[in-house]
Each structure stands twice: as C-alpha cells, then as structure tokens.
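Report on the structure given below.
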Amino acid sequence: MEIILSAAIGILSASGIWLLLRPRSFQVIIGLCLLSYAVNLFIFSMGRLTPGAPPIMPKGGFVDPTRYADPLPQALVLTAIVISFATTALFLVVMIASRGMTGTDHVDGKERSQ
Amino acid sequence: MISEHLIIAPILIPFVVGALMLLYDDRQRQAKFWLSLVSVAAQLLIAVELVVRAKTGGDISDAEGISFYLLGDWAAPFGIVLVLDRLAAMMLVLTALLAIPSLVYSGAGWARQGPHYYSLFQFLLVGLNGAFLTGDIFNLFVFFEILLAASYGLLLHGSGQLRVRAGLHYIAINLAASLLFLIGVALIYGVTGTLNMAHLANLISAMPGEDRPLLHAGVAILAIAFLVKAGSWPLNFWLPTAYMAAAAPVGAMFAIMTKVGVYAILRLAMLLFGETGGASAGFGAGVLILLGMATILFGLLGILASQSLGRMAAHSVLVSSGTVLGITGFALAGGGQAMLAGALYYMVGSVLATGALFLLIEPMNREDGGIAAMLALTADAYGIDDSEIDEVPDVGLAIPGTMTVLGICFALCVLMLAGLPPLPGFIGKIAMIQPLIEQSALPAGFAWSFVALLILSGFATLIGMARIGIQTFWANDVPLPRVLAFEIAPIIALLVVLSLISFKAEAMLRYTIGTAHALHDTAAYAYGVFATPRAADRPDDEGEAQE
Chain B
1 MEIILSAAIG
11 ILSASGIWLL
21 LRPRSFQVII
31 GLCLLSYAVN
41 LFIFSMGRLT
51 PGAPPIMPKG
61 GFVDPTRYAD
71 PLPQALVLTA
81 IVISFATTAL
91 FLVVMIASRG
101 MTGTDHVDGK
111 ERSQ
Chain S
1001 MISEHLIIAP
1011 ILIPFVVGAL
1021 MLLYDDRQRQ
1031 AKFWLSLVSV
1041 AAQLLIAVEL
1051 VVRAKTGGDI
1061 SDAEGISFYL
1071 LGDWAAPFGI
1081 VLVLDRLAAM
1091 MLVLTALLAI
1101 PSLVYSGAGW
1111 ARQGPHYYSL
1121 FQFLLVGLNG
1131 AFLTGDIFNL
1141 FVFFEILLAA
1151 SYGLLLHGSG
1161 QLRVRAGLHY
1171 IAINLAASLL
1181 FLIGVALIYG
1191 VTGTLNMAHL
1201 ANLISAMPGE
1211 DRPLLHAGVA
1221 ILAIAFLVKA
1231 GSWPLNFWLP
1241 TAYMAAAAPV
1251 GAMFAIMTKV
1261 GVYAILRLAM
1271 LLFGETGGAS
1281 AGFGAGVLIL
1291 LGMATILFGL
1301 LGILASQSLG
1311 RMAAHSVLVS
1321 SGTVLGITGF
1331 ALAGGGQAML
1341 AGALYYMVGS
1351 VLATGALFLL
1361 IEPMNREDGG
1371 IAAMLALTAD
1381 AYGIDDSEID
1391 EVPDVGLAIP
1401 GTMTVLGICF
1411 ALCVLMLAGL
1421 PPLPGFIGKI
1431 AMIQPLIEQS
1441 ALPAGFAWSF
1451 VALLILSGFA
1461 TLIGMARIGI
1471 QTFWANDVPL
1481 PRVLAFEIAP
1491 IIALLVVLSL
1501 ISFKAEAMLR
1511 YTIGTAHALH
1521 DTAAYAYGVF
1531 ATPRAADRPD
1541 DEGEAQE
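Quick note, the sequences are listed as chains B and S, same order.
Residues in the first sequence are numbered from 1 upward in steps of one, following the working numbering.
Residues in the second sequence are numbered from 1001 upward in steps of one, following the working numbering.
Have a look at this one:
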C-alpha cells in the first residue's frame, strides 16, 4: 500500500509541476489542482497508514490508541481541501477575466510572438 | 475577565465588522467607511493596550509578559493557542498604524472603484492580526490563506488589464507557495506529532538524531513558502509588478504583507533553531544571510533601474525585507540581540515609510482630472452608466500649495528609506551596523559585506528617488494636480508617526531590545503555554467554564 500511495503522490505532483510550468492558464490551473491532490494525500499519509482503523474513539473507558487512526491529519486534509478549492475557484474567475480582457489564454496576457 | 479575552479581539473585531458589511451593498458606502474606521481605531487602541500588557506582564500568565489564550479552552498542545508576546504586540500596532491611513485614503476615492472594498480590507486585517497572534503552525496556514484571499480581491480591486495580469501571476505563485506550506506542515507533523510552536520548541532539543534531517527538510520547505511571501530574492520576481499594479491604499497595506513572511521566519527560526535547538541550533542561518544580501542587492539594482515611482517603491519594500531577513540570519548564527533589536526598529520605520510612499505615488502622478478619468474607465469596465458616478462628486476640499506639501512628504519618505538622519531609517541602520561591526562571533566577511550592502542600498535609494523627485517637482510643467485633504492627511499622519518614532527612539529601542531578548530566550514561550490553566480548571470562575 505504501508503494501505491507514494507512487500516486509522486505521479500527481510530477504532472502537476509540469503543467504548472506550461504557458496556458488552463494548464496552470489543472496543474495546481493535481498538486493540491498530491499534497492532500501527502498530509493524509503523515498520520501513518493504518488499514481498517477508525479515527474516532469511543467515549469513556480505557482506549487503546494503537487501534485507532490519527484523526488530526484527516481534519487538516479537510481544511486544506476546502481552502484550496476556494482559492482555485477564485483563480478560475481571474483567469476567465484575463481571457476576456486580453483575448488570449496565455498566462502573460499576450502571445509570445507579439 | 474581559481583559483576558482582549487577545482575540484583534481577530474578532475586523471579522465581525467585515462580515456585517457584506450584508449591505455599496450604496451604504459612507456608513461602511465610518464603520471600518471605528473598527481599525478600536484595533489600534487594543493593540496599544496589548503592547502595554506585553511589556509589563499579563494577568493570565506572567511568563515575562507573554500571555496565552486557549481557544475553545482546550489544554495546550491539543488545541490551538493564541500567543501574545512583545513581537506579536508590536506587529499588531504596526498593522493598525498602517491600516488607518490607508483606509482614510481609500475613502477619498479608491473604495468607489469596485464592490465590497471595505469588507475585503477588514478580512485582510483578520488574516494579518491572526497570523501575528497564532501559536500553531496549521492555524498560521489558515490565517495566511485568509489574508491572501483578501489580498487577491484587493489587488484586483479597480480591475483593468494590468491588474488582472499581475493578479493572475500573484495568485498562481501564492497558491503554489501555499501547497509548499502544507507539505512543510505535514512533514513537521509526521516527524514530531505536534503543530504547536511552543511544543515543537520543547521537543527539538531532545529529538533523536535520525529524525532531525526530516524535520529540517520540513522546516526548510515551510521557509520557502514564507520566503515567497517575504519577497526574498529568487522568489520575488512577481512582487514589483503586483505591488505596482495594486491601487495606492492597497499597495500601502501590501507593504506589511511581506513582513508577515519575515515575521513567520523570525518567529519559527528563533524558536526552533535558536540556542535551545540542540544539534539543530543555527540551522539555515547562512542561507538566510545570503538570501537577505541577495534580496537587498536585487532591490537596490531595481531601484536604480526603475523608471516609475511605483516600481521603485516596490523595490524598496524588497530592500527592507532583505535587511530584516539577513539580520535574522545573523541573529540565528549567534550575532546577539542588539542587531535584531535594530532590525525590528528599522522594520517598523520602513514599513510606515513605504506605506506613505505608496500613498504618495498616485497624487504625485495625477494630472488634471486623473481620478475622474480613472473612475470613468472603471465605470466602463463594469458597465455602470455615468449618472451613478456623478452622484458622488469628489467631496472634501482640495489643499493649497499642493506641490509644496507633496514635495515635503516625498522628501521625508526618501530621507527615511535612504537612512539619513533624523528619521528612523538612520537610527535603525546605525543600531544594526554598530553590533555588526563590533561583535566577532560572525565571519567578518559576511558582516562587512552586509554593512556595505546596507549603506549602498541607502545610497541607491537616494539616487533613484532624487531622480524621480526632480522629474516630478522641478522639471515638470503639467498643471497642478488637485489633491484632496482626505488624501494628503493620511500621508502626513504616517510621517508624523515616523518622526514620533524618531523622537522616541530610545524608548522604542528599549522595547525592541526587550523583544530581541525574549526571542532569544525561548523558555518562557516554550513552557508558558503548558503552564496556562484551562478556564474550566480555574476555581474562581465556574460560569465561564460552561461557555
């Protein structure tokens, strides 16, 4: 499982970085999305991978923490997802505004040949 | 009881006010302006009160004036804490001092150019104040995102092709930096199992050797995210364009946004890699010094090469950022408290001066009917018909002797940024240079080249700014610009504050020396959090525990 997860994170971030460095704003935004998926998976994996363990502990009594997954990274991932979703949406709006104003989808607002 | 909740007020006040103003549309602009002004004024008063508290010691925990506030009343390493110490209090005052003039300035016209300006402004303050107060790394991320989200809106305020293009770059870079921030946070959590800064500072001295490289990697990635915000050299090519494109009052507020990055680096570096850092002590000091020097160099070359005042002001932001970054590196390498105190003093002065300069740019370059033309342009972009614009004429009286007043203000800004007496730039630079030359713990080559760069940057600022000043005030035959009292008053107020800092230099330096001392002596910060009792455990107020 570790291999699969780390390969997934690696592939996502590699493609994300490549797309981020492309000149079209659509590629940039997809690159940012892929990167944020990779980062979210990475945060999640920092709570260690524990198959079949619930993150929520029962109330009262003795609790053996080794039988439960770390809930904190999961909470962090939720926050990170919400924030990156919102900022990506905002970026999309700016991108569309830029497309409308400049008539090109190049990130610099003008084609290179011009 | 009220007084202990005062710590969270700088976050709550702008948050509530900003959210409240979202409910009304922009026809209520006048009311919104006064409401925002009351909000920032309250923040200034509270920040001053918090400074007094940080100086004398709070009533909650007397760990050398550091007060802690447990959010949701969770015990220390499990919940999020707000920490008020001398540095945080100073930054809060600085934020409020900069916010009031730029708010008043924007009330004179800029706020009319787009929707919900005042709300965005308040949310920016939420993010700034929160970032200065929080004692938790992930919470720091959240406040960074709040201030960035607000700054995206503010940067695009007024629209126009230039702003949208600069905004696109600004947003893309900051989104990527936020992702780096998250990777760093996750790595630190994975290694140490905590995100509380004080808890981290506790753990680091006893950390096993094989875990250290991973922690270092995590902190270094985190630092890259902060360096992007601080405008450090190889990560700052977006900054001059974005700051130049921003509306004048927004540019003034952006002057402190780079300092948030510097603040985060200073706070974390001193806490984690200070003298108590064990085997990690001094980690990254050399990199910070080199990056600081490279940033100053980039800034000073930029100032010399700039053809417009806006670009020049943006580069002077870089110079001031680079200076504080470099000194942070020296302090981390064991340079002592005196130079850090000087750097903090310099930072306050330079933030206010660059703020004033950003406000000055627009009136200086305004030709007849400048703002009216701009308003008309924006009206076109929004598809608003002219009649609505005409309803709100430029209220307020135009000041007499415009060019004289503007010229004097400009000259004072130049004196400050170039580091000439009698303004704080000079005192701050002396306070940094003297310890740099005197002490011997650092490699002499570094210290001397840093001193040389400091002096050179002042010289370059003087040359660049004097050139622009001559073009604008002496060699220009354009008709006199019409500048409103509302626009010049904030600039004068900022300059008055600057000269006050200069008059009160001794008291101020005493405060920053105390701050530098507290930054070096991390024990009070690192252990104080755990000594803070939960409200529920305190016997005297049962009622509060139920909240």
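For every residue, glycine included, the Cβ atom is placed at its ideal position computed from N, Cα and C.
What you are looking at is a predicted structure, and each value in this text was computed from that prediction instead of being measured.
Taking C-beta pairs closer than 7 Å, name the residues in chain B that residue i reaches, listed in chain order.
i	result
S:GLY1190	MET46
S:LEU1156	VAL94
S:ILE1183	VAL39 and PHE42
S:TYR1152	LEU90
S:LEU1179	LEU35, SER36 and VAL39
S:ALA1536	Those do not exist, as S:ALA1536 stays about 17 Å from chain B at its closest Cβ, beyond 7 Å.
Return the residue from the list the options that minimises the CA-CA distance to residue i.
i	options	result
S:ILE1433	S:ALA1186, S:ALA1042, S:ALA1338 and S:MET1312	S:ALA1338
S:GLY1458	S:THR1515, S:MET1312 and S:VAL1497	S:MET1312
S:LEU1301	S:HIS1005, S:LEU1462, S:ILE1137 and S:LEU1037	S:LEU1462
S:GLN1439	S:GLY1334, S:LEU1203 and S:THR1402	S:GLY1334
S:LEU1215	S:LEU1239, S:PHE1450, S:THR1328 and S:PHE1283	S:PHE1283
S:ALA1108	S:LEU1484, S:ASP1073, S:LEU1271 and S:SER1036	S:LEU1484
S:THR1548	S:LEU1045, S:ILE1488 and S:ALA1452	The requested residue 1548 of chain S does not occur in the structure, where chain S is confined to residues 1001 to 1547.
B:TYR37	S:PRO1213, S:LEU1182, S:TYR1024 and S:ALA1111	S:LEU1182
B:ALA69	B:ALA75, B:HIS106, B:PRO58 and B:ALA53	B:ALA53
S:ARG1482	S:ASN1365, S:MET1347 and S:PHE1446	S:ASN1365
B:LEU87	S:ALA1088, S:LEU1037, S:TYR1152 and S:LEU1156	Position check: residue 87 of chain B holds Thr in this sequence, whereas Leu was assumed. Answer by Cα proximity: S:TYR1152.
B:ILE11	B:LEU34, B:PHE44 and B:ASN40	B:LEU34
S:LEU1500	S:LEU1272, S:GLY1329, S:GLU1145 and S:PRO1424	S:PRO1424
B:ILE81	B:SER6, B:GLU111, B:GLN27 and B:PHE42	B:PHE42
S:ALA1245	S:THR1323, S:VAL1324, S:LEU1155 and S:ALA1230	S:LEU1155
S:GLY1322	S:ALA1341, S:MET1347, S:SER1306 and S:ILE1188	S:MET1347
S:ALA1247	S:TRP1110, S:LEU1094 and S:TYR1527	S:TRP1110
Whole angstroms are fine: how far does the CA of residue j sit from the CA of residue i?
i	j	result
S:SER1232	S:LEU1291	6 Å
S:LYS1032	S:TYR1118	7 Å
S:ALA1531	S:GLY1079	14 Å
S:LEU1084	S:TYR1243	30 Å
S:ALA1518	B:ASP64	40 Å
B:PHE91	S:VAL1497	38 Å
S:ILE1470	S:LEU1357	16 Å
S:ASP1521	S:GLY1401	52 Å
S:ILE1008	S:LEU1133	8 Å
S:LEU1417	S:GLY1193	44 Å
B:ALA89	S:TRP1448	48 Å
B:LEU72	S:ASP1136	13 Å
S:ALA1255	B:ILE56	44 Å
S:PHE1410	S:SER1350	14 Å
S:PHE1503	S:LEU1044	20 Å
S:VAL1219	B:SER15	25 Å
S:ILE1221	B:GLY31	19 Å
B:ARG99	S:ARG1163	13 Å
B:ARG22	B:SER84	20 Å
S:LEU1509	S:VAL1051	14 Å
S:GLY1407	S:ILE1468	11 Å
S:ILE1327	B:ILE96	42 Å
What residues are listed by DSSP as bridge partners for residue i?
i	result
S:ASP1136	S:ASN1196
B:ARG24	B:HIS106
S:SER1067	S:LEU1084
Counting only Cβ pairs nearer than 7 Å, list the residues of chain S close to residue i.
i	result
B:VAL28	ALA1172
B:ALA80	LEU1182
B:ALA97	VAL1164
B:LEU76	PHE1138
Given that residue i touches chain B, what residues does it touch there, using C-beta distances under 8 Å?
i	result
S:GLU1145	ILE83 and THR87
S:ALA1176	LEU20, LEU32 and LEU35
S:VAL1142	THR79 and ILE83
S:ALA1242	Correct list: empty, because the minimum Cβ distance to chain B is about 12 Å.
List, in order along the chain, the chain B residues whose C-beta lies closer than 9 Å to that of residue i?
i	result
S:ALA1217	What S:ALA1217 touches in chain B: nothing, since even the nearest Cβ is about 13 Å away.
S:GLN1161	SER98, MET101, THR102 and GLY109
S:ALA1149	ILE83, ALA86, THR87 and LEU90
Please compile the residues from chain S whose C-beta is within a distance smaller than 8 Å of the C-beta of residue i.
i	result
B:VAL107	LEU1168, HIS1169 and ALA1172
B:SER126	Residue coverage of chain B in this structure runs from 1 to 114, which leaves residue 126 of chain B outside it and unanswerable.
Under 9 Å between beta-carbons, which chain S residues line up against residue i? List them in chain order, please.
i	result
B:PRO73	ALA1186, TYR1189 and GLY1190
Taking C-beta pairs closer than 7 Å, name the residues in chain D that residue i reaches, listed in chain order.
i	result
S:ALA1255	Absence of chain D from the displayed structure is noted, the protein chains being B and S.
#### Entry: Cβ contact check for the stretch 1253–1265 of chain S and the stretch 1198–1205 of chain S: 3 or more pairs under 8 Å
They do not touch, by the three-pair rule.
### Message
Does the contact criterion of 3 or more C-beta pairs under 8 Å hold for the stretch 1022–1036 of chain S versus the stretch 1127–1136 of chain S?
### Response
Output reads no: the stretch 1127–1136 of chain S does not touch the stretch 1022–1036 of chain S.
### Message
Using a Cβ distance threshold of 8 Å, determine whether the stretch 1154–1172 of chain S contacts the stretch 1235–1251 of chain S, with at least three qualifying pairs required.
### Response
Yes, they touch.
### Task
Take every Cβ of the stretch 1215–1229 of chain S, pair it with every Cβ of the stretch 1271–1287 of chain S, and state whether three or more of those distances are shorter than 8 Å.
A contact exists between the stretch 1215–1229 of chain S and the stretch 1271–1287 of chain S.
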